[in-house]
Amino acid sequence: MSQCEDREEGLPPSKTTLCEEPESQTKFQSPEQQHTPDSTGPKPGPGPEPSCVSMKSDRSMSIPLYFRQSDDERIQQQRADSPAPSCLSIKSDLSKDVVIDFKEQQPSANPIVHQESSEVPSDQSAQQHQTHLDSIFMVLEENIVTFAKNELKRIQRVLSPDYPEFLASQGEDEELMDDEDEEHRKRSRDVFLKITLNFLRRMKQEELANILQNKLVPVCPHKLKSNLKEKFQCVFEGISKAGNPTLLNQIYTELYITEGGTEEVNEEHEVRHIETASRKAARPEKTIRCEDIFKSLPGREPIRTVMTKGVAGIGKTVLTQKFTLDWADDKANQDIQFTFPFTFRELNVLKEKKFSLVELVHHFFTEIKEAGICRFEEYQIVFIFDGLDECRLPLDFHNTEILTDVTESASVDVLLINLIRGILLPSARLWITTRPAAANQIPPECVDMVTEIRGFTDPQKEEYFRKRFRDEEKAKRIISHIKTSRSLHIMCHMPVFCWITTTVLEDVLKTREGGELPKTLTEMYIHFLVFQSKLKNVKYDGGAETDQHWNKKSRKMIESLGKLAFEQLQKGNLIFYESDLTECGIDIRAASVYSGVFTQIFKEERGLYQDKVFCFVHLSVQEFLAALHVHLTFISSGVNLLSESRSTAQKSEARKDESTEAHFYQNAVDKALQSPNGHLDLFLRFLLGLSLPTNQTLLRGLVTQTGNGSRTNQETVQYIKKKIEEPSSAEKSINLFHCLNELNDSSLVEQIQHYLSSGNFSMDELSPAQWSALVFILLSSEKHLDMFDLKKFCASEEALLRLLPVIKVSNKALLSGCNLSERSCEALSSVLKSHSSSLRKLDLSNNNLQDLGVKLLSHGLESQHCTLETLSLSGCLITEEGCILLASALSTNPSHLRELDLSYNHPGDSGVELLSTRLKDPDWRLDTLRLEPAGAQWLAPGLRKYFCELTLDGSTANRKIKLSDNNRKVTRVKEYQPSPAHPDGFDYWSQLLCKNGLTGRCYWEVDWSGDVDISVSYSGIRRRGNSKECVFGWNDQSWSLRCSEVHGYSVWHNNRETSIPSASSSSASVSRRVAVYVDCPAGTLSFYSLSSDKLIHLHTFNTTFTEPLYPGFGVRFWFSGSSVSLVRERVSWSEILISKVGGAQLVQSQMLKNMRDIVLVFFAIWLLSLYSKWNRQQINEFNTAF
6 MSQCEDREEG LPPSKTTLCE EPESQTKFQS PEQQHTPDST GPKPGPGPEP
56 SCVSMKSDRS MSIPLYFRQS DDERIQQQRA DSPAPSCLSI KSDLSKDVVI
106 DFKEQQPSAN PIVHQESSEV PSDQSAQQHQ THLDSIFMVL EENIVTFAKN
156 ELKRIQRVLS PDYPEFLASQ GEDEELMDDE DEEHRKRSRD VFLKITLNFL
206 RRMKQEELAN ILQNKLVPVC PHKLKSNLKE KFQCVFEGIS KAGNPTLLNQ
256 IYTELYITEG GTEEVNEEHE VRHIETASRK AARPEKTIRC EDIFKSLPGR
306 EPIRTVMTKG VAGIGKTVLT QKFTLDWADD KANQDIQFTF PFTFRELNVL
356 KEKKFSLVEL VHHFFTEIKE AGICRFEEYQ IVFIFDGLDE CRLPLDFHNT
406 EILTDVTESA SVDVLLINLI RGILLPSARL WITTRPAAAN QIPPECVDMV
456 TEIRGFTDPQ KEEYFRKRFR DEEKAKRIIS HIKTSRSLHI MCHMPVFCWI
506 TTTVLEDVLK TREGGELPKT LTEMYIHFLV FQSKLKNVKY DGGAETDQHW
556 NKKSRKMIES LGKLAFEQLQ KGNLIFYESD LTECGIDIRA ASVYSGVFTQ
606 IFKEERGLYQ DKVFCFVHLS VQEFLAALHV HLTFISSGVN LLSESRSTAQ
656 KSEARKDEST EAHFYQNAVD KALQSPNGHL DLFLRFLLGL SLPTNQTLLR
706 GLVTQTGNGS RTNQETVQYI KKKIEEPSSA EKSINLFHCL NELNDSSLVE
756 QIQHYLSSGN FSMDELSPAQ WSALVFILLS SEKHLDMFDL KKFCASEEAL
806 LRLLPVIKVS NKALLSGCNL SERSCEALSS VLKSHSSSLR KLDLSNNNLQ
856 DLGVKLLSHG LESQHCTLET LSLSGCLITE EGCILLASAL STNPSHLREL
906 DLSYNHPGDS GVELLSTRLK DPDWRLDTLR LEPAGAQWLA PGLRKYFCEL
956 TLDGSTANRK IKLSDNNRKV TRVKEYQPSP AHPDGFDYWS QLLCKNGLTG
1006 RCYWEVDWSG DVDISVSYSG IRRRGNSKEC VFGWNDQSWS LRCSEVHGYS
1056 VWHNNRETSI PSASSSSASV SRRVAVYVDC PAGTLSFYSL SSDKLIHLHT
1106 FNTTFTEPLY PGFGVRFWFS GSSVSLVRER VSWSEILISK VGGAQLVQSQ
1156 MLKNMRDIVL VFFAIWLLSL YSKWNRQQIN EFNTAF
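Using this note's numbering, the letters of the sequence shown correspond one by one to residues 6 to 1191.
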């Protein structure tokens, strides 16, 4: 019976009863016990006042607490000879020995305490009762003060620098007590320690509190740390029981962990995740070290729950082991008293059982039970739950009972839900790891921070291989080999694949020195399987390495594992229990044999109560064995397991229309393409790879070679290429290219690579398959992923839509002046809304997007997944309406965009005011906004709105240059011109500069013939001599387009030539007119040819201009008739109207108030038709006059 239950019947509970908080109570002394046993001491003197205990008396001195006293030690207080009553009467039962016991069962003295303290005798007044009650509480106060002083002195000694560490937790010079009283003292001290720590932290003495907490925690963490250290200091890298253990700290390579996540569930095949991560590795992100996983930034809320996502084999479990090992080694996170690592595999076997949180901890960590720790609130605790994706508990966060008591029993799922929600033990920290597809099992509001393991970066891969291969030459060869195979290089982002690779390559280098290393995934996994077979023969069967790898027993074993792998893959299971093995026909007793022999392929783990949990070391191993099973079944029986139902597939008969191998593999391709999330991508690669005769040779003895492998492979290759031609997602096309690689066919990729290197092809002529090959090449080439420039391929909307997957993974996309429309904006909006987008900078300037395009783009900008930081919409024909749309989108998601360029548009006064006001909003991250220049004149489409009139500088002309046509034409002549040489002129090369120093945006056109250079240059280019420092394009002072009627176009800078594809040259050969556009602040210089008044992009330089630029021209040979003529600006009627009244707003303009005004406008248009060659100055004069 508890103290509360033993309370006298009818006595209401009060704050003075002893039945509350039993774990924090202590046996304090009774009032009589406050005197020493020496009864000869002085008696209280006479006086009218009662002899109550004074706070100033000597009793406040340090008096030891006697938790037990015998009867002969007790004395009764002598009553003073006084008319006034003393506080304690000698006739009162209060002089009896009262022992306050904290055991579960109440002693018989306790009812007396309740009775005497609550029932007042009839002959005493209420005042007398209050008096002796006050006396009791004064003595109680004195006991508590004494206890507190003693404990504070002890704590002060503990905090002294020279205090022995080993005495901190066990105490010194303490009275020996029996077990019960020792437990009571521990409880009292634990409570006081918690109070002290709380006050220290309120006093901002965090460091002192942490030191105290570390020194006075119970002894059991040392034992717990020792056991955890023994458990986690070694890893087997896939080996469950056999093999040589490796020290974790010896091979551990820091993983690439990034902060940030999304509530959106990505259910794609995890190989696609790895490929995405491989493209993001070069982009700077906020990375987190393992030991800092719970550290919050200054000003942010403390982190309670962390979820870490990562694909299978990426290193989540090893990461938690490293965290635990560093804590156990006292290397990190020493503010934590207890770390309890759990796995969901272990928790799954407790599905039908009930525990309290305390009991659950005691079951897994007996050290805690042995120490008698039953409350966790006063400790800093970390719970690690590894493998949420393997959880088979019903985690229903919406319909679960509330649980707040750590001693109350419930099912394990209820415990977890309340712990994760912060209802149960809210002071604890939680770390949950999971594969991405299972992350949504926990509501986002229950997670404080989401992190993602990206695996190894490229430098970390090399670090891993160098740690595993101490021979530097061998390590270099392996690293070089991995880099030559894109599929192997991508997969090495996963630590487990690095281990498989080292296992295979180490064996291959040993047995086939100088031989060819595996290049494809299928080859790698075949070698891995063969190696395990050899290991079994030598290590377990006592055979030799030269013996036959496969015998009847080992073949049966692989067939059973393959069947299990395939059937569980279809169900989406990665872990299996005895029931799963039974369904597959595997003898439960033989399961340990599988685990013991093929320990690196199929491993067994044990949870509580010796329940066995089975799994393959990685999903890719399961997929390989599943593909091997499907392949063996078809070869031996003709049954296609991919198309038959399970019941039919068990039959030995095969359908006639699936009897050919070609149809079998084509059916597999179709099946994989039908999978919406790519769950059969890797399986398909393995299945096709197994069709190669060379790979079947490696599995001789296990796989029967097919007779017509080459013909079948060719048919499969052609079928895949046909599928690549069909419209599909970029991810599916990319996987088909990986499939071609497994079939050793790279013809499509090599063709595009040849075209790219030669430059002799037109993007307009690419087939769909070639476009897909181009995407595959660009995604495989890291140099294009930081900055993608569409003009380098094709400045068109069709090219943008084809290359959208490349833009999605690029950090910066340059799409300026690419003839884009609102259709492109819709596509780009989908990129911005994607959670996997890497795009941070987007340049859309000089495209005719208009307000409709801005509206479509805004849908992406307002998405919570959008992380765009810089957006340029300069010169995109945007008006006030577009500015309102942008302001609205950025108000919805104001946390990402930092720079916005809207110059050369017409935002109007209201648009300028709206955006300028929002710039001051503290919620907006926007710190740079460009709106000038602005005005209606910039609403004209195309680059011609930047037209500038150039003036040739005759003083810079070589003397063999003739100027004509009112100084607008430059011609190379044979004889020197009569004008004297000028000191600023080019004395050897036939060149000259213009007077105009350009600093903004400028556009001009020239007609040319013969062989000429159309250039821009700094004014400091050398003019004297015949060195390359004087020639346009042959130095770092100038940039040049060389035009030749014979050789076509090429561009030059710093004496480096870049040829321009002949397709562009031939298209431009009709008009012999070239346009130049320069944006000096942006650092772009573009050359175009004109055909039928249409701009055809030739080349764009992206650089940084540090000085004003001066247009220049070079005319090479007099006999070729080389000449350059400046083209006057041509202005359309619509441009004139736009420059005056804003184009579409003409009719609504306040200027046209009556019919007279309208007649005047149309009269002006008629006049313009007569003077179609007006320049910008004449237009301005007309506007002024109008």
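No residue lacks a Cβ here, since even glycine has one placed at the ideal position from N, Cα and C. From a predicted model like this one, the values you see are computed outputs, not experimental measurements.
Residue i, DSSP secondary structure in three states
{"i": "proline 1116", "result": "strand"}
{"i": "phenylalanine 474", "result": "coil"}
{"i": "phenylalanine 370", "result": "coil"}
{"i": "valine 1146", "result": "Note that valine 1146 has pLDDT 43, beneath the 50 cutoff, so the model's placement of it is unreliable and the number below is only indicative. Helix."}
{"i": "valine 1079", "result": "strand"}
{"i": "glutamine 210", "result": "coil"}
{"i": "arginine 459", "result": "coil"}
{"i": "glutamate 170", "result": "At glutamate 170, the pLDDT of 48 sits below 50, so the modelled position is not reliable; the number obtained from the coordinates is stated separately. The answer is helix: DSSP assigns glutamate 170 an H, G or I state."}
{"i": "glutamine 671", "result": "helix"}
{"i": "leucine 931", "result": "coil"}
{"i": "valine 311", "result": "strand"}
{"i": "glutamate 1034", "result": "helix"}
{"i": "tryptophan 436", "result": "strand"}
{"i": "glutamate 1134", "result": "coil"}
{"i": "threonine 489", "result": "helix"}
{"i": "cysteine 1048", "result": "strand"}
Limits of the unbroken beta strand (DSSP E) element including residue i
{"i": "histidine 1102", "result": "1099-1107"}
{"i": "glycine 1053", "result": "1053-1058"}
{"i": "glutamate 146", "result": "Counting along the chain, glutamate 146 falls outside any beta strand (DSSP E), though it belongs to the alpha helix (DSSP H) covering 131-164."}
{"i": "glutamine 996", "result": "996-998"}
{"i": "threonine 1063", "result": "1061-1064"}
Range covered by the alpha helix (DSSP H) that runs through residue i
{"i": "aspartate 1018", "result": "No alpha helix (DSSP H) contains aspartate 1018, which is instead part of the beta strand (DSSP E) from 1016-1022."}
{"i": "proline 983", "result": "It is not in any alpha helix (DSSP H) - proline 983 carries neither H nor E in the DSSP assignment."}
{"i": "aspartate 686", "result": "686-694"}
{"i": "leucine 420", "result": "417-426"}
{"i": "threonine 702", "result": "698-703"}
{"i": "cysteine 503", "result": "500-516"}
{"i": "lysine 300", "result": "Element bounds for lysine 300: n/a, residue is neither H nor E."}
{"i": "isoleucine 531", "result": "526-540"}
{"i": "phenylalanine 639", "result": "624-642"}
Among the options, nearest to residue i - alpha-carbon criterion
{"i": "leucine 435", "options": "Phe347, Ser361, Cys503", "result": "Phe347"}
{"i": "arginine 930", "options": "Trp504, Val1017, Asn910, Glu904", "result": "Glu904"}
{"i": "leucine 866", "options": "Ala778, His901, Ile437", "result": "His901"}
{"i": "arginine 807", "options": "Arg491, Val316, Pro732, Lys327", "result": "Pro732"}
{"i": "glutamate 1", "options": "Phe369, Leu1095, Val722, Thr439", "result": "Lying outside 6 to 1191, the shown extent of the chain, residue 1 is not represented and no answer is given."}
{"i": "glutamine 723", "options": "Gln701, Asn148, Asn749, Gly706", "result": "Asn749"}
{"i": "serine 1127", "options": "Val513, Lys541, Ile966, Ser1032", "result": "Ile966"}
{"i": "phenylalanine 345", "options": "Phe390, Trp1039, Val978, Thr313", "result": "Phe390"}
{"i": "valine 811", "options": "Ser829, Leu825, Gly822, Ser843", "result": "Ser843"}
{"i": "leucine 1003", "options": "Arg923, Asn1107, Leu1090", "result": "Leu1090"}
Exercise. At 3 residues or longer, and completely inside the stretch 319-400: list those beta strand (DSSP E) runs for me, N to C.
Key: With a minimum length of 3 residues, the continuous beta strand (DSSP E) runs that stay inside the stretch 319-400 are 343-348, 386-391.
Exercise. At 4 residues or longer, and completely inside the stretch 732-818: list those alpha helix (DSSP H) runs for me, N to C.
Key: 735-747, 752-763, 773-785, 802-807, 809-814
Practice problem: Indicate whether the contact test is met: 3 or more Cβ pairs, each with one atom in the stretch 691-699 and one in the stretch 533-543, closer than 8 Å. | Solution: Between the stretch 691-699 and the stretch 533-543, the count of C-beta pairs closer than 8 Å stays below three; the two stretches do not touch.
Quiz item: If you pair each beta-carbon of the stretch 347-363 with each one of the stretch 417-429, do three or more pairs fall below 8 Å?
Solution: yes
Self-check item: Inter-stretch contact (C-beta, 8 Å, three-pair minimum) for the stretch 833-843 and the stretch 749-760
Solution: no
Practice problem: Identify every run of the alpha helix (DSSP H) within the stretch 809-895, keeping only runs that are complete inside it and at least 4 residues long; order them along the chain. | Solution: 809-814, 827-838, 855-866
Quiz item: Taking three-plus beta-carbon pairs below 8 Å as touching, is the stretch 857-866 in contact with the stretch 888-902?
Solution: yes
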